[in-house]
Amino acid sequence: MKMYRTTIIILLLALLGATPLLAIGPLPFNQIVLRGELPVTQLFRVDQYKQSFNFNLVESRNSIVAVGSYTLISNHAASNFRLSIRPGVTGNDDEFSFTLDEGEPLHPGQLTELPFAVRVASDTNAGTSVAGSRSMQKELGVRGGLASNRAILFENGQILAEIPDFDPNRYATGRYSAALQLSIEVI
620 MKMYRTTIII LLLALLGATP LLAIGPLPFN QIVLRGELPV TQLFRVDQYK
670 QSFNFNLVES RNSIVAVGSY TLISNHAASN FRLSIRPGVT GNDDEFSFTL
720 DEGEPLHPGQ LTELPFAVRV ASDTNAGTSV AGSRSMQKEL GVRGGLASNR
770 AILFENGQIL AEIPDFDPNR YATGRYSAAL QLSIEVI
């Protein structure tokens, strides 16, 4: 009985203590402040096509071989970009060329370097392609090119190798390799 009375007293005290809080109602406030951030997102990606790893140079004479594709996206309103394309593994060669790999048989008088030209052609802006057999640069990006959003700089395109017409009998047979150095800078 004593325990029953103690429990009732505790419940009454708790109820009396909570009554003023219920009478006040919700606390008044007139605004909620939300803050978000849109970070700068910049992406430059190059994808090399699988078929460019191993193709027949003789069958490709006087044709264009698709080497890869590129994509640039930037949401930074003040950014502009320039793509540099240089010949060779280190980018220090004089011109773009296929060179006979080391260890391949070579007979006197046979040629071992086959020059070619590179073309970088925009799919976004048809008027902005560059081509050449030596180092070159290309301005990248079209504002509003992605979903008509004027704030986004966007461009995608193709990297192509223009194989010249040549006499295969003048060249050593075997495996030939070429390299392109691509770099992008903010201007």
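Quick note: to get my numbering, add 619 to the position in the sequence shown (first position is 1).
Don't be surprised by glycine CBs; every beta carbon is placed ideally from N, CA and C.
Just so we're clear, the structure is a prediction, and the values are computed from it rather than from any experiment.
When you compare each of 773, 784, 780 to residue 662 by their alpha carbons, which one comes out closest? By one-based count along the sequence shown, residue 662 stands at place 43. Closest option to residue 662, Cα to Cα, is 773.
In whole angstroms, what separates the C-alpha of residue 698 from that of residue 804? In the sequence shown, residue 698 corresponds to position 79, counting from 1. In the sequence shown, residue 804 corresponds to position 185, counting from 1. Rounded to the nearest angstrom, the two C-alpha atoms are 10 Å apart.
Neighbourhood of residue 711 by C-beta, 8 Å cutoff - its chain only, sequence neighbours within 5 removed: In the sequence shown, residue 711 corresponds to position 92, counting from 1. Within the same chain, Cβ atoms closer than 8 Å to the Cβ of residue 711 are found at 705, the five residues on either side in sequence being excluded.
Beta-carbon spacing of residue 778, residue 680 below 8 Å: Indexing the sequence shown from 1 puts residue 778 at position 159. Indexing the sequence shown from 1 puts residue 680 at position 61. Going by C-beta atoms, residue 778 is not nearer than 8 Å to residue 680.
So, are the CB atoms of residue 758 and residue 747 less than 8 Å apart? Within the sequence shown, residue 758 is the residue found at index 139, counting from 1. Within the sequence shown, residue 747 is the residue found at index 128, counting from 1. Cβ distance < 8 Å, so residue 758 and residue 747 count as in contact.
Quick one: what's residue 757 bridged to in DSSP? One-based indexing of the sequence shown puts residue 757 at position 138. According to the DSSP secondary-structure assignment, residue 757 is paired through a beta bridge with 702.
Tell me which same chain residues have a C-beta within less than 6 Å of the C-beta of residue 707, skipping the five on either side of it? Here the question's residue 707 lines up with position 88 in the sequence shown. Closer than 6 Å at the Cβ level, and outside the excluded window around residue 707, lie 798.
Return helix, strand or coil for residue 790, following the three-state DSSP convention. By one-based count along the sequence shown, residue 790 stands at place 171. If DSSP states are grouped into helix, strand and coil, residue 790 belongs with the strands.
Would DSSP call residue 625 helix, strand or coil? Locating residue 625 in the sequence shown gives position 6, where the first residue counts as 1. Of the three classes helix, strand and coil, the one that applies to residue 625 here is helix, per DSSP.
Reference residue 669; option with closest CA among 688, 756, 738, 701: Numbered from 1 along the sequence shown, position 50 holds the residue referred to as residue 669. Residue nearest to residue 669 within the set 688, 756, 738, 701 is 688 (criterion: CA-CA distance).
Rounded straight-line distance, which links the Cα of residue 659 to that of residue 715: Indexing the sequence shown from 1 puts residue 715 at position 96. Indexing the sequence shown from 1 puts residue 659 at position 40. Rounded to the nearest whole angstrom, the C-alpha separation of residue 715 and residue 659 is 35 Å.
How would you label residue 677, buried or exposed, when you count the other beta carbons within 10 angstroms and need 16 or more for buried? As a first step, residue 677 must be located in the sequence shown, where it is residue number 58. Burial call: exposed.
With a threshold of 16 other CB atoms inside 10 Å of the CB of residue 691, please say whether the residue is buried or exposed. For the purposes of this step, residue 691 is taken as the residue at position 72 of the sequence shown. Buried.
Using alpha carbons as the reference points, say which of 685, 686, 731, 775 lies closest to residue 793. As a first step, residue 793 must be located in the sequence shown, where it is residue number 174. Closest option to residue 793, judged by alpha-carbon separation, among 685, 686, 731, 775: 731.
Report, in whole angstroms, the separation of the C-beta atoms of residue 749 and residue 780, which I expect to be a contact under 8 Å. Your numbering for residue 749 matches position 130 in the sequence shown. Your numbering for residue 780 matches position 161 in the sequence shown. That pair is no contact at about 14 Å.
DSSP bridge partner residues for residue 690 (one or two, in chain order): Within the sequence shown, numbered from 1, the residue matching residue 690 stands at position 71. Note: residue 690 sits in a beta bridge opposite 664, 775.
Figure out for me which residue from 701, 795, 806 has the closest Cα to the Cα of residue 672. Against the sequence shown, residue 672 aligns to sequence position 53. Sorting 701, 795, 806 by C-alpha distance to the C-alpha of residue 672 places 795 at the top.
CB residue 667 to CB residue 703, shorter than 8 Å? Numbered from its first residue, the sequence shown carries residue 667 at position 48. Numbered from its first residue, the sequence shown carries residue 703 at position 84. No.
Less than 8 Å between C-beta atoms, sequence neighbours within five positions excluded: which residues of the same chain meet that for residue 785? Start at 1 with the first residue of the sequence shown, and residue 785 comes out as number 166. For residue 785, where only same-chain residues beyond five positions count, the Cβ hits under 8 Å are 680, 733.
Same chain only: Cβ atoms within 6 Å of residue 724, ignoring 5 sequence neighbours per side: As a first step, residue 724 is located in the sequence shown; it is residue number 105 there, counting from the start. Excluding sequence neighbours, residue 724 sits near nothing in its chain.
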